[in-house]
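One structure is given below, encoded as structure tokens.
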Amino acid sequence: MTQPSSPPDGIDAAQRIARHAYGRLVAWLAYQWRDVAAAEDAMGEALVKALERWPTQGVPDAPEAWLLTVAKRELLQTARRQRLHDSPEVQALYDGDETEALGFEIPDARLKLMFVCAHPAIDASIRTPLMLQTVLGIEAKQLATCMLVSPKAMAQRLVRVKLKIRDAGLRFEEPEADDLPERLHAVLEAVYAAYGLGWEAVDGGQAEIQDLRGEALFLGELLCSLLPHSAEAKGLRALMLFCQARERARFDASDSLIPLQLQNTALWDQTLLDQADALLAQAFQLSQSGPFQIEAAIQSAHCQRRHTSQVPWRGIAMLYGHLNSQWPTRGAQVAQAVALANCQDLEAAAQMLAALDPEAMRNYQPYWVWLWRTFTNWLASIRMRKPICSADSASLARQAPRLF
Amino acid sequence: MKYMLMFYDNPANNIPPQDETERNAWFGRWMAYNTAIGESGVVVIGHALQPPHTATTVRMRGDQRQVQDGPFADTKEMLGGFYVIDVPDLDEALAWAARSPAALKGGVEVRPLMDSPPEPS
Chain A
1 MTQPSSPPDG IDAAQRIARH AYGRLVAWLA YQWRDVAAAE DAMGEALVKA
51 LERWPTQGVP DAPEAWLLTV AKRELLQTAR RQRLHDSPEV QALYDGDETE
101 ALGFEIPDAR LKLMFVCAHP AIDASIRTPL MLQTVLGIEA KQLATCMLVS
151 PKAMAQRLVR VKLKIRDAGL RFEEPEADDL PERLHAVLEA VYAAYGLGWE
201 AVDGGQAEIQ DLRGEALFLG ELLCSLLPHS AEAKGLRALM LFCQARERAR
251 FDASDSLIPL QLQNTALWDQ TLLDQADALL AQAFQLSQSG PFQIEAAIQS
301 AHCQRRHTSQ VPWRGIAMLY GHLNSQWPTR GAQVAQAVAL ANCQDLEAAA
351 QMLAALDPEA MRNYQPYWVW LWRTFTNWLA SIRMRKPICS ADSASLARQA
401 PRLF
Chain B
1 MKYMLMFYDN PANNIPPQDE TERNAWFGRW MAYNTAIGES GVVVIGHALQ
51 PPHTATTVRM RGDQRQVQDG PFADTKEMLG GFYVIDVPDL DEALAWAARS
101 PAALKGGVEV RPLMDSPPEP S
């Protein structure tokens, strides 16, 4: 133990550690215990105890190990109450006591747990929120806002799915080779969603959400090292690095978003762009097509502008066409129309836009913003029912980080 | 863990098949499945069920016993049989469910059995 520190230090330390280590500690406990909800409850108790004790007794030398030990004790007590003391899960926790040793590095079970969350027995629509909450500690309320459902409904669905994980006996070991591509895609989607959420905080300043970008980049790197033969893992990491490289160029002096093709390329991070291009080249060598690689290739095409001063819109439109032919999303459809319009193929652009489901586009801000910016002249002769350009930067950036 | 596999089929899908050759092939698939799952040693118990027209449903309402002709839920899909199997995890139970002939046109519901209550000490 260090010398007792003043109360705010203890509280600050607990909060800081909670922010940085929560996901890792919960994932490790959940993976050992095979019960996500119980692991979260136990870690919650451990954090409460830390807030009680650290301000008066000082912050332990190995605060994460301290939290893990307290959380494990909570789990064991709960298990004793439920008379499960002979179960292998409880035994595993007894066996894991070496975590109390100083400097022990807690293995990162986050990706393993994400693969469990991507299990086919879990409803596809709840997989990403489940991963984001369990592994990155994002609250149900915030997930609900992003997924356009009520916070209550989101919280209920998360509770229900955690009960299913506990009670239905989902396999926690590595998925079978047959299952891997589908599950990997869900994991990659969640990592990219976390990265997008991280952008939401750019002008808001919630530190824990800003950390998400770093977490997502780290998880992307981990995926690449664990699955060196996965082209899509490399594609996702390249995509995030392309977006990350433009961080300093995305906002003007008045904090308005600057579209990708108008950004000052001198502000782009050349080292990151080179890394991203190299990763994408490695991915292509593996000859496995996939949406993240195409998205990254589109980014790479945009970034050619730093050398040629031209955006290769024709090539970008073709890449979006390829993406939409196999993995259509409303974002990519709008972006394809924009690319077509930018290479003067207005007829094709208009056809694409006309084919989009108006209901799906109604609340999709990037659609309206792009429509507004790109087609202002073209639309001048048409009376728009609702000229809309009130999108707030934060949610725009989240919904379409690749466009800014 | 123990799981119940509940085999559902829709008679409108021609299950069991009317045509004799097809029906024999269908029985053959079930025989092969029953042999495979039996020899694997995972089966706790299992049976095919008589068709729903043989079912009777009972309810107690107050002290009144209500007996009704027919199955509890009147659905197009009928419960044709079940296995209770003891396997390490859901994934293995799902693998057995997927191999069954019921999975081809109907569907198999897989549910974990509840743990036995603790022995009183």
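Same order as they appear, the protein sequences are chains A and B.
Start counting the first sequence at 1; every next residue gets the next number (my numbering).
Start counting the second sequence at 1; every next residue gets the next number (my numbering).
The C-beta atom is built at its ideal place from N, Cα and C for all residues, glycine as well.
Contacts of residue i in chain B (Cβ-Cβ under 7 Å)
i                : result
Leu136 (chain A) : Ordered by position in chain B, no residue passes the 7 Å Cβ test against Leu136 (chain A), which lies about 25 Å from the chain.
8 Å Cβ cut-off: residues of chain A touching residue i
i              : result
Met1 (chain B) : Gly169
Sequence-distant residues of its chain with Cβ nearer than 6 Å to residue i (five each side left out)
i                : result
Cys303 (chain A) : Leu273
Lys162 (chain A) : Val36 and Ala37
Ile138 (chain A) : Leu132
Thr99 (chain A)  : For Thr99 (chain A), the pLDDT reaches just 46, beneath the cut-off of 50, and the residue's location in the model is therefore unreliable, leaving the point undetermined.
Asp357 (chain A) : none
Gln261 (chain A) : Val311
Gln68 (chain B)  : Thr57
Residue closest to residue i, alpha-carbon to alpha-carbon, out of the options
i                : options                                   : result
Trp33 (chain A)  : A:Val116, A:Phe218 and A:Arg16            : A:Val116
Tyr192 (chain A) : A:Asp35, A:Ala301, A:Thr271 and A:Leu236  : A:Leu236
Met114 (chain B) : A:Arg80, A:Glu173, A:Lys141 and A:Lys164  : A:Lys164
Asp211 (chain A) : A:Ile11, A:Asp12, A:Arg16 and A:Gly10     : A:Arg16
Glu176 (chain A) : A:Gln57, A:Leu143 and A:Lys112            : A:Lys112
Val87 (chain B)  : B:Leu49, B:Asn14, B:Trp96 and B:Gly80     : B:Trp96
Ser289 (chain A) : A:His229, A:Leu257, A:Gln336 and A:Ala18  : A:His229
Ala266 (chain A) : A:Tyr31, A:Ala245, A:Val149 and A:Ala79   : A:Ala245
Ala48 (chain B)  : B:Gln68, B:Gly80, B:Tyr3 and B:Leu104     : B:Gly80
Gln270 (chain A) : A:Ser325, A:Leu241 and A:Met147           : A:Leu241
Glu295 (chain A) : A:Cys243, A:Cys146 and A:Gln344           : A:Cys243
Trp28 (chain A)  : A:Glu45, A:Ala65 and A:Arg250             : A:Ala65
Leu227 (chain A) : A:Glu174, A:Val334, A:Leu260 and A:Pro259 : A:Glu174
Arg330 (chain A) : A:Gln310, A:Ala355, A:Ala168 and A:Leu257 : A:Ala355
Arg166 (chain A) : A:Asp277, A:Pro181 and A:Ala121           : A:Ala121
Ala168 (chain A) : B:Ser116, B:Ala103, B:Asp74 and B:Ala93   : B:Ala93
Gln275 (chain A) : A:Ile126, A:Glu221 and A:Thr308           : A:Glu221
Sequence-distant residues of the same chain with beta carbon closer than 8 Å to residue i, five excluded per side
i                : result
Pro312 (chain A) : Ala301 and Gln304
Glu77 (chain B)  : Tyr8, Asp9, Asn10, Gly106 and Gly107
Arg81 (chain A)  : none
Leu51 (chain A)  : Gly10, Ile11 and Ala14
His20 (chain A)  : Asp211
Asp19 (chain B)  : none
Asn324 (chain A) : Ala332, Gln333 and Gln336
Neighbour list for residue i in chain B, Cβ cutoff strictly below 9 Å
i                : result
Ala121 (chain A) : Leu90, Asp91, Leu94 and Val110
Supposed close pair residue i, residue j - CB separation, criterion 8 Å
i                : j                : result
Ala238 (chain A) : Leu279 (chain A) : 4 Å
Asp91 (chain B)  : Arg171 (chain A) : 4 Å
Ile11 (chain A)  : Pro63 (chain A)  : About 13 Å separates the two Cβ atoms, so there is no contact after all.
Ala71 (chain A)  : Thr128 (chain A) : In fact, because the Cβ distance is near 25 Å, the residues do not count as touching under 8 Å.
Ala140 (chain A) : Leu158 (chain A) : 6 Å
Gly433 (chain A) : Arg110 (chain A) : Residue coverage of chain A in this structure runs from 1 to 404, which leaves residue 433 (chain A) outside it and unanswerable.
Gly315 (chain A) : Gln336 (chain A) : Not really, about 12 Å apart at Cβ, beyond 8 Å.
Glu74 (chain A)  : Ala30 (chain A)  : Not confirmed; about 13 Å, so no contact.
Val110 (chain B) : Tyr3 (chain B)   : 6 Å
Leu223 (chain A) : Ala233 (chain A) : 4 Å
Pro51 (chain B)  : Gly70 (chain B)  : Not quite, the Cβ-Cβ distance comes to about 11 Å (not below 8 Å), so this is no contact.
Phe72 (chain B)  : Thr54 (chain B)  : Their Cβ separation, rounded to whole angstroms, is 13 Å, which puts Phe72 (chain B) and Thr54 (chain B) out of contact at 8 Å.
Val293 (chain A) : Ala283 (chain A) : First, the amino acid is wrong: residue 293 (chain A) is Gln here, not Val. Indeed they touch by this definition, with Cβ atoms about 5 Å apart.
Ala118 (chain A) : Arg183 (chain A) : 4 Å
Ala253 (chain A) : Asn264 (chain A) : That pair is no contact at about 12 Å.
Pro112 (chain B) : Met1 (chain B)   : 6 Å
Cutoff 7 Å; reference residue i; Cβ partners in own chain excluding five residues on either side
i                : result
Leu340 (chain A) : Ala317, Ala348, Ala349 and Met352
Ala194 (chain A) : Leu132, Leu136, Leu212, Glu215 and Ala216
Lys49 (chain A)  : Val70
Val43 (chain B)  : Ile37, Tyr83 and Ile85
Leu286 (chain A) : His229 and Ala231
Asn14 (chain B)  : none
Leu143 (chain A) : Pro129, Leu132, Gln133 and Met154
Pro16 (chain B)  : Arg23 and Trp26
Pro101 (chain B) : Trp26, Arg29, Trp30 and Tyr33
Leu319 (chain A) : Ile294, Ala297, Ile298 and Ala301
Pro7 (chain A)   : Reliability fails at Pro7 (chain A), whose pLDDT of 49 lies under 50, so the model's placement of it is uncertain and no value is given.
beta-carbon residue i near the ligand GTP non-hydrogen atom, thresh 7 Å
i                : result
Gln299 (chain A) : With respect to small molecules bound, the structure shown includes none, and the ligand GTP cannot be examined in it.
>> Please give me, in chain order, every unbroken run of the alpha helix (DSSP H) with length at least 4 that falls completely inside the stretch 8-59 of chain A.
In response: 36-57
> Mind pulling the alpha helix (DSSP H) runs of 4 or more residues that sit fully within the stretch 11-82 of chain B?
Replying inline: 20-40
>> What ranges does the beta strand (DSSP E) occupy inside the stretch 292-326 of chain A, keeping only unbroken runs of at least 3 residues that lie completely in it?
In response: none
>> For a minimum of 4 consecutive residues, which ranges assigned as the alpha helix (DSSP H) are wholly contained in the stretch 166-205 of chain A?
In response: 180-200
> Considering only residues of the stretch 216-290 of chain A, which uninterrupted beta strand (DSSP E) runs meet the minimum length of 3 residues and lie entirely inside it, listed in chain order?
Replying inline: none
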